[in-house]
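One structure below.
There are 2 protein chains.
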Amino acid sequence: MPTTIKDIAKRTGVSHSTVSRALRGDPLISFETTSRIRQAANEMAYLPSAAARSLKTNRSQVLGVIVSSIDDPFFSEIVFGIEEAAQEAGYRLFMAASQHDPAREQKIVQAMMEHRTDGVIICSSSFSPNQGRQLLDYGFPIVVVNHQGAENFHYSIFHDDVDGSRQVTRHLIELGHRRIAYLGNSLSGRTTLDRLTGFKAELQAAGLTVPLEYIHHVAGNDPQFGMDGSKFLLKLELPPTAIVCFNDMLAIGVLKGCREVGLNVPDDISVTGFDNITFSAYTHPPLTTFDQPKQSIGSEAARLLLDLLDTNPDDKVFQPKEIILKGRLLVRNSSAAPPLSAISKKVSTRN
Amino acid sequence: MPTTIKDIAKRTGVSHSTVSRALRGDPLISFETTSRIRQAANEMAYLPSAAARSLKTNRSQVLGVIVSSIDDPFFSEIVFGIEEAAQEAGYRLFMAASQHDPAREQKIVQAMMEHRTDGVIICSSSFSPNQGRQLLDYGFPIVVVNHQGAENFHYSIFHDDVDGSRQVTRHLIELGHRRIAYLGNSLSGRTTLDRLTGFKAELQAAGLTVPLEYIHHVAGNDPQFGMDGSKFLLKLELPPTAIVCFNDMLAIGVLKGCREVGLNVPDDISVTGFDNITFSAYTHPPLTTFDQPKQSIGSEAARLLLDLLDTNPDDKVFQPKEIILKGRLLVRNSSAAPPLSAISKKVSTRN
DNA sequence: TCTGGTTTTGCACACGTGTGCATAATATCG
DNA sequence: CGATATTATGCACACGTGTGCAAAACCAGA
Chain A
132 MPTTIKDIAK RTGVSHSTVS RALRGDPLIS FETTSRIRQA ANEMAYLPSA AARSLKTNRS
192 QVLGVIVSSI DDPFFSEIVF GIEEAAQEAG YRLFMAASQH DPAREQKIVQ AMMEHRTDGV
252 IICSSSFSPN QGRQLLDYGF PIVVVNHQGA ENFHYSIFHD DVDGSRQVTR HLIELGHRRI
312 AYLGNSLSGR TTLDRLTGFK AELQAAGLTV PLEYIHHVAG NDPQFGMDGS KFLLKLELPP
372 TAIVCFNDML AIGVLKGCRE VGLNVPDDIS VTGFDNITFS AYTHPPLTTF DQPKQSIGSE
432 AARLLLDLLD TNPDDKVFQP KEIILKGRLL VRNSSAAPPL SAISKKVSTR N
Chain B
132 MPTTIKDIAK RTGVSHSTVS RALRGDPLIS FETTSRIRQA ANEMAYLPSA AARSLKTNRS
192 QVLGVIVSSI DDPFFSEIVF GIEEAAQEAG YRLFMAASQH DPAREQKIVQ AMMEHRTDGV
252 IICSSSFSPN QGRQLLDYGF PIVVVNHQGA ENFHYSIFHD DVDGSRQVTR HLIELGHRRI
312 AYLGNSLSGR TTLDRLTGFK AELQAAGLTV PLEYIHHVAG NDPQFGMDGS KFLLKLELPP
372 TAIVCFNDML AIGVLKGCRE VGLNVPDDIS VTGFDNITFS AYTHPPLTTF DQPKQSIGSE
432 AARLLLDLLD TNPDDKVFQP KEIILKGRLL VRNSSAAPPL SAISKKVSTR N
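Chains A and B are the protein sequences, given in the same order.
Sequential numbering of the first sequence, starting at 132, is according to this note's numbering.
Sequential numbering of the second sequence, starting at 132, is according to this note's numbering.
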């Protein structure tokens, strides 16, 4: 059915190996013969079989990409960056979403191996160590993005979540907040730990303490989890005047949760997100968030992996590489000074 | 590097063809030999090469999936449905996003052909006819979702956008709205045409007319386009009391656009979306929308394609198939009766 | 033990492509 | 024209897997 090299060879009266060489631009084939062959290939709409080529060359020209969830806009933008860089280099993506499910992870690992992708980019901070081990043992070049077990892999991209979280938290402190809560995502692994670390560090640097119940984790990344989390925090005897959310997805749910208990954001309570996904500019009020260079994260990861692939294996020197990309605080309308009632209470407590 | 069938043959002292047969469960190989071979394969972590198998069998066990945009939550959920059904049948997905860009479309077509995917699901209503033709000519079994050129393909899944749009529009009419605008997405092809058709049909059935400027199209699917579109409509001398948006993404931007000119939704103006993506429950106010069975759309498309693949080619009878899935109106808080001022104006106009 | 039937396994080939090495064709020089 | 060097091409093999057909092994009956 599809045109093969043999079909072209028959039409042009040369051997299949000459066709192969001509199409690949081998200088050993004459210009005249090459032209004839290429014209025939063009007329016959020849497209190489990826499988045959892959089998012969031991290269698939495909990069595996593993994300936590395909419907999280954060990952969509990272994938966009990966795709742009990959396409530029003639690679295609084989994408899979792990959904934080070990069974899915195992199927994904198997798929990557069977398809013999040229390398793998893992954009799931909580990808299981066991499956990661399997990929490593198989010999894949691997680049991880914000992976909690990054020390097991030698090529990593990080977004600086500690710094980002510190900036968000400092912003709230500078606004006058003293009761600041953190809402995390327990499925998220390293990412939430970094953001929590930054949160704590900034509060500590400001000489503030955090009540234990001000650090609350939900088990997912959906706005509904954000809403559930806000319910918990807002029910506290002394509720926070600000909530630092693990990310925009949770923050969007927190906004709704505040509305449902009659709290006005930011007049009564400030809410911040993280990531600056598309929707965070369109919430009411628009979210103060930490703007991650999502596409850059993706394209840096892809470039790093492509560099690894371009390196002659014999020349390979063990040289771990770690790239840290920084974002920037984006102040919108979901954060403001705490309500006066909260400040006056604070004063009376001190007397 | 990876274990091959030849490695297992060497260890078990049989030929590679016996290994192949045993692993495939061929009854011609004895139970005893099969067990030995399978144990060795297990111990040696054998995984077949997808390329070799594909080359030999002329089947890749991969379904191509083309979506308009990977960061649109609507498509993410469709893909999720596709993925579930495909995985159940032992298939993997090779996904690509066309971004309404002909150059990308061409690269995608080429990729599908080179990889010899077993079939293709097109979830892009505006996928170019020329590229679609190429896929058809190549002999791919193809299932299209809401494709504007669906008559060129024989296997289609539709979501009933005419009916959905009629329901949304009727809902607004029943609330008392008489000045209803439609905000469309000119890149969207058939989908926006259907939704506009339903909008017009329902207004006509209610004996209402639509000023020309009440039908406005923006050139994209981002909330920013929704905001731009709202700016246009709200500037009209006689602005609408309700806006039917092509989808939730645009509606989210329209909500912000209304806020920016001091309009309260739904007290001053009603806004409806379409699709019921995750975020539409978390907007302020939560969007009235048309809830599409997104995952069902995906899984039906995959099942249809898998059925096509399971059919013996010699038994194939030309039998076009078209599945129409219906959604349901989801009334939330973005729609309400028009403001009294708009109704009183209407009365005086009639006198 | 021999013959025939059944079961099990291996040989040979091939899917489409790439490439080392040998051979054929061409060009140049004496 | 013949010899030598250079250029261009083809042969043969192989990547890993699957399968038709032949051969080998096994079993049962006369």
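Every residue, glycine too, gets a C-beta built ideally from N, C-alpha and C.
Exercise. The alpha helix (DSSP H) spanning A:D325 covers which residue range?
Worked result: Its alpha helix (DSSP H) spans residues 321-336.
Exercise. Is the shortest distance between the beta-carbon of B:Y222 and the beta-carbons of chain A less than 7 Å?
Worked result: No, B:Y222 does not count as interfacial toward chain A.
Exercise. Rounded to whole angstroms, how far is the Cβ of A:C254 from the Cβ of A:V198, which I believe are closer than 8 Å?
Worked result: With a Cβ gap of about 5 Å, A:C254 and A:V198 count as contacting.
Exercise. Is B:A432 near B:V276, with beta carbons less than 7 Å apart?
Worked result: Yes. Within cutoff.
Exercise. Is there a Cβ from chain B that is less than 7 Å from the Cβ of A:K476?
Worked result: Note that A:K476 has pLDDT 48, beneath the 50 cutoff, so the model's placement of it is unreliable and no number is given.
Exercise. Can you name, in chain order, every residue of its own chain whose Cβ lies under 6 Å from the Cβ of A:A220, other than the five neighbours on each side?
Worked result: Result list for A:A220: L437, in chain order.
For this session: Rank A:F377, A:G338, A:G195 by C-alpha distance to the C-alpha of A:S317 and give the top, closest one.
Result: Of A:F377, A:G338, A:G195, the residue nearest in Cα terms is A:F377.
Exercise. With distances taken between CB atoms, is the gap from A:P397 to A:S466 smaller than 7 Å?
Worked result: Yes, the Cβ-Cβ distance between A:P397 and A:S466 is below 7 Å.
For this session: Using the DSSP secondary-structure output, state which residues sit across from B:K452 in a beta bridge.
Result: Within the DSSP secondary-structure output, B:K452 pairs in a beta bridge with B:Y286.
Problem set entry | Where the alpha helix (DSSP H) through B:H347 begins and ends | Taken as a continuous stretch (DSSP letters only), B:H347 belongs to no alpha helix (DSSP H), being part of the beta strand (DSSP E) at 346-349.
Problem set entry | Residue span of the beta strand (DSSP E) that contains B:R459, given as start and end | Residues 459-461.
Exercise. Would you call the CB atoms of A:H348 and A:G393 closer than 7 Å?
Worked result: Result no, Cβ atoms of A:H348 and A:G393 do not sit closer than 7 Å.
Exercise. Counting pairs of Cβ atoms below 8 Å between the stretch 275-290 of chain A and the stretch 424-431 of chain A, do you hit three or more?
Worked result: These segments touch.
Exercise. Does DSSP classify B:N407 as helix, strand or coil?
Worked result: It is coil, neither helix nor strand.
Exercise. Of all the CB atoms in chain B, is at least one closer than 7 Å to the CB of A:L178?
Worked result: Closer than 7 Å to some Cβ of chain B, the Cβ of A:L178 qualifies, so yes.
Exercise. Are at least three pairs of beta-carbons, each pair with one atom in the stretch 177-185 of chain B and one in the stretch 170-186 of chain A, less than 8 Å apart?
Worked result: Output reads yes: the stretch 170-186 of chain A touches the stretch 177-185 of chain B.
Exercise. Does the count of Cβ pairs from the stretch 401-420 of chain A and the stretch 379-389 of chain A closer than 8 Å reach three?
Worked result: Under the 8 Å Cβ criterion, the stretch 401-420 of chain A counts as touching the stretch 379-389 of chain A, having at least three qualifying pairs.
Problem set entry | Whole-angstrom distance between B:F356 and A:V341, CA atom to CA atom | Across the structure, A:V341 and B:F356 are spaced so that their CA atoms are roughly 42 Å apart.
For this session: Under the assumption that B:L306 contacts B:S401 (Cβ atoms under 8 Å), give the Cβ distance between them as a whole number of angstroms.
Result: Indeed, because the Cβ distance is near 7 Å, the residues count as touching under 8 Å.
Exercise. Thinking C-alpha only, which one of A:F225, A:D202, A:K366 is nearest A:I213?
Worked result: It is A:F225 whose Cα lies nearest to the Cα of A:I213.
Problem set entry | Span separating the alpha-carbon of A:T414 from that of B:K362 | Here the C-alpha atom of A:T414 lies approximately 18 Å from the C-alpha atom of B:K362.
For this session: Using the Cα positions of A:L456 and A:M175, report the straight-line distance between them to the nearest angstrom.
Result: Each residue's alpha carbon lies about 47 Å from the other.
Exercise. Can the beta-carbon of A:Y313 be found closer than 7 Å to that of A:V385?
Worked result: For A:Y313 and A:V385, no; Cβs fall outside 7 Å.
For this session: Could you please give the first and the last residue of the uninterrupted alpha helix (DSSP H) stretch that includes B:I311?
Result: Where B:I311 is concerned, there is no enclosing alpha helix (DSSP H), although the beta strand (DSSP E) it sits in stretches over 311-316.
For this session: Closer than 7 Å by C-beta to A:V478: which residues in its own chain qualify, once you throw out the five before and the five after it? Chain order, please.
Result: Residue confidence is low: A:V478 scores 43 on pLDDT, short of 50, so the model does not pin down where it sits. Its coordinate-derived value is still stated next. Closer than 7 Å at the Cβ level, and outside the excluded window around A:V478, lies no residue.
For this session: For B:A182, name the three-state secondary structure that DSSP assigns.
Result: In the three-state reduction of the DSSP assignment, B:A182 falls in the helix class.
Problem set entry | Cross-chain neighbours of B:V210 in chain A, by beta carbon under 8 Å | Per Cβ cutoff of 8 Å: I201.
For this session: Flag this pair as yes or no: are the beta carbons of B:L461 and B:T420 separated by less than 7 Å?
Result: Less than 7 Å separates the beta-carbon of B:L461 from that of B:T420.
For this session: Under 8 Å by Cβ, that's how I've got B:S257 and B:Q279 pegged, so tell me the actual separation to the nearest angstrom.
Result: Contact annotation, B:S257 with B:Q279: C-beta distance approximately 6 Å; criterion of less than 8 Å satisfied.
Problem set entry | the stretch 152-160 of chain A touching the stretch 161-169 of chain B, judged by at least three CB pairs closer than 8 Å | Look at the beta carbons and you see the stretch 152-160 of chain A not touching the stretch 161-169 of chain B: under three pairs across the two are nearer than 8 Å.
Exercise. What residues match up with B:F421 in a beta bridge as DSSP calls it?
Worked result: In the DSSP assignment, the residues bridged to B:F421 are B:L460.
Exercise. What's the gap between the Cα of A:K366 and the Cα of B:A468?
Worked result: A:K366 and B:A468 have their alpha carbons spaced roughly 35 Å apart.
Exercise. Between B:A227 and the rest of its own chain, which residues show a CB-CB distance below 6 Å, the 5 nearest in sequence each way excluded?
Worked result: So the list reads I197, I239, once near-sequence residues are dropped.
Exercise. Could you give the distance in angstroms between the alpha-carbon of A:Q335 and the alpha-carbon of A:L343?
Worked result: C-alpha separation (whole angstroms): 14 Å.
Problem set entry | B:M175 in three-state terms, based on DSSP | Secondary structure of B:M175 (DSSP, three-state): coil.
Problem set entry | CB-CB length for A:R463 against A:T372, believed under 8 Å | No, A:R463 and A:T372 are not in contact; Cβ-Cβ is about 18 Å, not under 8 Å.
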